[in-house]
Amino acid sequence: MTRPSSEAEYLARMVPPSVRGVDRRTLLRGALGVGALLGAGTLASCGSSSESSSGVPTGAVSGEVTAGSYSSDAVPKAAVQSYMDAFAKANPGTTVKINTVDHNSFQENINNYLQGSPDDVFSWFAGYRMQFFAEKGLVGDISDVWSNMSGMSDAMKKASTGSDGKQYFVPMTNYPWAVFYRKSLWSDKGYEVPKTLDELKTLGAQMQKDGLAPIAFGDKDGWPAMGTFDQLNLRINGYDFHVSLMAGKEDWTDPKVKKVFDTWAGILPLHQADSLGRTWQEAAQSLQQKKSGMYVLGSFLAQQFEKGAEQDDLDFFTFPEVDSTIGTDAIEAPIDGWMMSARPKNEAASKKLLQYISQPEAQLLALKADPSVIATNSNADTSGYTALQKKSAEFIKSAKSISQFMDRDTRPDFASTVMIPALQNFIKNPKDIDGLCTSIQAQKKSIFGS
Amino acid sequence: MASKRRYKGIDQLSKRDKVVVSLMVIVPTLLVLWLVWFPAVGTVLLSFTNWDGIGPLSGIKPVGLQNYIDIATIYPPFWPAMQHNLIWLAVLFFIATPLGVLFAVLVDRGVAGTRFYQSSIYLPVVLSLALVGFIWQLIYSRDQGLLNAITGGTTDWYGDPDVNLWAVLVAASWRHAGYIMLLYLAGLKGVDPSLREAAKIDGASETTTFFRVILPVMRPINIIVIVVTFIESLRAFDIVWVINKGRNGLELISALVTQNVVGEASRIGFGSALATIMLLISSVLVIIYLRIAMKED
Numbered sequence: 001m002t003r004p005s006s007e008a009e010y011l012a013r014m015v016p017p018s019v020r021g022v023d024r025r026t027l028l029r030g031a032l033g034v035g036a037l038l039g040a041g042t043l044a045s046c047g048s049s050s051e052s053s054s055g056v057p058t059g060a061v062s063g064e065v066t067a068g069s070y071s072s073d074a075v076p077k078a079a080v081q082s083y084m085d086a087f088a089k090a091n092p093g094t095t096v097k098i099n100t101v102d103h104n105s106f107q108e109n110i111n112n113y114l115q116g117s118p119d120d121v122f123s124w125f126a127g128y129r130m131q132f133f134a135e136k137g138l139v140g141d142i143s144d145v146w147s148n149m150s151g152m153s154d155a156m157k158k159a160s161t162g163s164d165g166k167q168y169f170v171p172m173t174n175y176p177w178a179v180f181y182r183k184s185l186w187s188d189k190g191y192e193v194p195k196t197l198d199e200l201k202t203l204g205a206q207m208q209k210d211g212l213a214p215i216a217f218g219d220k221d222g223w224p225a226m227g228t229f230d231q232l233n234l235r236i237n238g239y240d241f242h243v244s245l246m247a248g249k250e251d252w253t254d255p256k257v258k259k260v261f262d263t264w265a266g267i268l269p270l271h272q273a274d275s276l277g278r279t280w281q282e283a284a285q286s287l288q289q290k291k292s293g294m295y296v297l298g299s300f301l302a303q304q305f306e307k308g309a310e311q312d313d314l315d316f317f318t319f320p321e322v323d324s325t326i327g328t329d330a331i332e333a334p335i336d337g338w339m340m341s342a343r344p345k346n347e348a349a350s351k352k353l354l355q356y357i358s359q360p361e362a363q364l365l366a367l368k369a370d371p372s373v374i375a376t377n378s379n380a381d382t383s384g385y386t387a388l389q390k391k392s393a394e395f396i397k398s399a400k401s402i403s404q405f406m407d408r409d410t411r412p413d414f415a416s417t418v419m420i421p422a423l424q425n426f427i428k429n430p431k432d433i434d435g436l437c438t439s440i441q442a443q444k445k446s447i448f449g450s
Numbered sequence: 001m002a003s004k005r006r007y008k009g010i011d012q013l014s015k016r017d018k019v020v021v022s023l024m025v026i027v028p029t030l031l032v033l034w035l036v037w038f039p040a041v042g043t044v045l046l047s048f049t050n051w052d053g054i055g056p057l058s059g060i061k062p063v064g065l066q067n068y069i070d071i072a073t074i075y076p077p078f079w080p081a082m083q084h085n086l087i088w089l090a091v092l093f094f095i096a097t098p099l100g101v102l103f104a105v106l107v108d109r110g111v112a113g114t115r116f117y118q119s120s121i122y123l124p125v126v127l128s129l130a131l132v133g134f135i136w137q138l139i140y141s142r143d144q145g146l147l148n149a150i151t152g153g154t155t156d157w158y159g160d161p162d163v164n165l166w167a168v169l170v171a172a173s174w175r176h177a178g179y180i181m182l183l184y185l186a187g188l189k190g191v192d193p194s195l196r197e198a199a200k201i202d203g204a205s206e207t208t209t210f211f212r213v214i215l216p217v218m219r220p221i222n223i224i225v226i227v228v229t230f231i232e233s234l235r236a237f238d239i240v241w242v243i244n245k246g247r248n249g250l251e252l253i254s255a256l257v258t259q260n261v262v263g264e265a266s267r268i269g270f271g272s273a274l275a276t277i278m279l280l281i282s283s284v285l286v287i288i289y290l291r292i293a294m295k296e297d
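Protein chains in written order, with the UniProt record's numbering: chain A, 1 to 450; chain B, 1 to 297.
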């Protein structure tokens, strides 16, 4: 069978001759509602709109969609299952086959996966990594899905756009990076949320007097320190410089970068000692056990806290201001979502599925399973949110610019083979900043130049 | 009656035999070519490119020796990795292997509870190094580990780059000694008891018997043990990978290759250059081994 040359042709084919005479608009109106309520049987649901200018079928789709998911832990896995099931239920005749792969393996094998025979849709992150695959032609253009997507902010759209101006990604959930602390501990000791770096230092000194490790820190896996670097760079040099630095356009020996490391060296004594042997989970537990005062991490650290009262005791504030001309309006909030492979077997149903994923219904199903993240669709009903989720949503909404995370904002080879060892070296030896920056710059030139 | 049937070369074989013989030669040769030489040569060739693992082979750009120059000059983990591989080799060779041999001799002499010792020393060998890394994590963890809990110390066993290599080597040796013990024990059981009796009658002490009689007789086993030690220290990988992906004091060449090639990084060209360096080092050891083995024949 030949491939239809356009989406409209494809859809036209799906309409049996017996229905072609029916007024499609009337049927369309019905089909636009929740598909599950349709109950009109296959004939009615086949009355899809062939005159729709977008490529997304507004009517029914059929067949099997395969979905590659990295959500391998029990809880997120169940979440994926629940919204995929909901999609299949809303679209009779459609089934979703989920291929779950262990998170790390999925991430490490992504290049081979996309070049082999990938699933129709697959879970991924926004940012440079997403754009990289788009540039290489390994993922499918889904601009038409975006053309009639409701509830997505411009920031979300920007984060889903490749360097060619087309959209390749559908956001599902995101979560903020910030400074987390336990409300009960802070009210006991009378600590105040620091607004500036100096206040943070004063607070840190007070916590040390009180026998606490001021800032919990664990960098055994190498990536958590990237978060601290990002926060400092966003506060010291601002969002634009940060993005440009991550894109390889700036010189790492620039005094601006050195200032980031200098500032970090100034607060490094406030961090938990011996961080290179500690996992982020262990560091989060020290916060939970009230052995440390605060922790710069993503909100997923709530996973180390018991659901209920203990999680409610968790609160956060944005990383304090360092330079008043830069302010604190840039934050880090990585977005997780879905993409379509370059040549999906069932394009119509894949696009419909992606559109479904962008909508509040699917996103709220995902949150039910993992309450440490929030929905990316601004129409999502937040009444069921925990206090932490509500605050996260507010926090992200009020931010002027949002970065992803170092390993999502720059080339993966640069992040993993250069920055992880470099940041670990810095933590070991915070004195040799010049040597460190020169080394990073030399490697950056070699990697980005090739 | 003198036999007239002298071997006249391959012509003497029946047609069927010829087919069988050629199949027996060709199939393994092809397998070796395909599974060993093709990837090895491919790796060496790729090491002169900057391929990122994406796109057709025609998109590969040759960069000459750039990868090798980068490795030697601007890639900080490389020289520590070389050093760590050498330390690894030295520790296994001078400590773990002799320890394994000692265990074997003691067990062979029949200390009370031999079977118990034998199985408990051998137990770690059954576990994968990845699991060994995890078990020791429970012991070494700074905040929650057994060792610091007992001693009350705060040594960061896995995180402090001055300490962690040695901590890991303890774990690796723990396993390696058991392996060597088993190999050696098998050899010792095969030694003709009359040799020992003869030595005893001649008035040789236990030590003399071992070094003058048993050890020379065990030459084939000794060579195997040495080769196993070399191989184990060159391919050491899984334990450091499990602990911290071979970073921060635990760099090993094999871990660097994996970091660059396997993960999302996909610096195939650069990683291949590292792999080629590893190949060269192994070849040196293989050549030395072959020379020893040939001499024996």
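The C-beta atom is built at its ideal place from N, Cα and C for all residues, glycine as well.
Beta bridge counterpart(s) of residue i as assigned by DSSP
{"i": "MET339(A)", "result": "PHE122(A), PHE169(A)"}
{"i": "MET294(A)", "result": "TYR181(A), ILE215(A)"}
{"i": "PRO62(B)", "result": "THR49(B)"}
{"i": "VAL96(A)", "result": "VAL65(A)"}
{"i": "GLU321(A)", "result": "THR196(A)"}
{"i": "ALA375(A)", "result": "THR173(A)"}
Own chain partners of residue i with C-beta closer than 6 Å, once the 5 adjacent residues on each side are dropped
{"i": "ASN260(B)", "result": "ARG267, PHE270, GLY271"}
{"i": "GLN285(A)", "result": "GLN304"}
Residue i versus residue j - alpha carbon distance
{"i": "PHE230(B)", "j": "ASN346(A)", "result": "53 Å"}
{"i": "ASP434(A)", "j": "PHE448(A)", "result": "21 Å"}
{"i": "LEU290(B)", "j": "THR49(B)", "result": "32 Å"}
{"i": "GLU192(A)", "j": "THR202(A)", "result": "11 Å"}
{"i": "THR438(A)", "j": "ASP120(A)", "result": "43 Å"}
{"i": "PHE317(A)", "j": "TYR175(A)", "result": "14 Å"}
{"i": "LEU89(B)", "j": "ILE226(B)", "result": "11 Å"}
{"i": "SER72(A)", "j": "VAL101(A)", "result": "6 Å"}
Per-residue burial, residue i [other beta carbons within 10 Å of its own, 16 or more giving buried]
{"i": "MET294(B)", "result": "exposed"}
{"i": "VAL27(B)", "result": "exposed"}
{"i": "LYS183(A)", "result": "exposed"}
{"i": "SER58(B)", "result": "exposed"}
{"i": "LYS444(A)", "result": "buried"}
{"i": "ALA394(A)", "result": "For the record, residue 394(A) in the displayed sequence is Glu; it is not Ala. Exposed, because fewer than 16 other Cβ atoms sit within 10 Å of the Cβ of GLU394(A)."}
{"i": "PRO171(A)", "result": "buried"}
{"i": "GLY159(B)", "result": "buried"}
{"i": "SER244(A)", "result": "exposed"}
{"i": "ARG235(A)", "result": "buried"}
{"i": "ASN104(A)", "result": "exposed"}
Simplified DSSP state of residue i, which is helix, strand or coil
{"i": "GLU310(A)", "result": "helix"}
{"i": "PHE316(A)", "result": "strand"}
{"i": "ASN85(B)", "result": "helix"}
{"i": "ASN174(A)", "result": "strand"}
{"i": "THR196(A)", "result": "strand"}
{"i": "GLU206(B)", "result": "helix"}
{"i": "THR328(A)", "result": "coil"}
{"i": "SER383(A)", "result": "coil"}
{"i": "SER173(B)", "result": "helix"}
{"i": "VAL240(B)", "result": "helix"}
{"i": "THR279(A)", "result": "coil"}
{"i": "residue 376(B)", "result": "There is simply no residue 376(B) to check, as chain B begins at 1 and stops at 297 in what is shown."}
{"i": "THR161(A)", "result": "strand"}
Residues near residue i by beta carbon distance below 8 Å, same chain, minus five either side
{"i": "GLY227(A)", "result": "TRP177, VAL296, LEU297, GLY298, GLU332, PHE405, MET406"}
{"i": "ALA40(B)", "result": "LEU279"}
{"i": "GLY151(A)", "result": "SER358, GLN359, PRO360, ASN377, SER378, ASN379, ALA380"}
{"i": "PRO76(B)", "result": "none"}
{"i": "SER163(A)", "result": "GLN131, ALA134, GLU135"}
Residues of its chain near residue i, where Cβ-Cβ distance is below 7 Å and the 5 sequence neighbours each way are ignored
{"i": "ASN148(B)", "result": "ARG142, THR154, THR155"}
{"i": "LEU138(B)", "result": "GLY145, LEU146"}
{"i": "LEU274(B)", "result": "ILE71, ILE253, LEU256, VAL257, ASN260"}
{"i": "ASP413(A)", "result": "ILE447"}
{"i": "VAL46(B)", "result": "With the sequence shown as reference, residue 46(B) is identified as Leu, and Val is not the correct amino acid for it. Cβ within range, chain order: ILE268, GLY269, SER272."}
Residue i Cβ short of 8 Å to the ligand SAH heavy atom set
{"i": "PRO224(A)", "result": "The model on display carries no ligand, and the ligand SAH is accordingly not part of it."}
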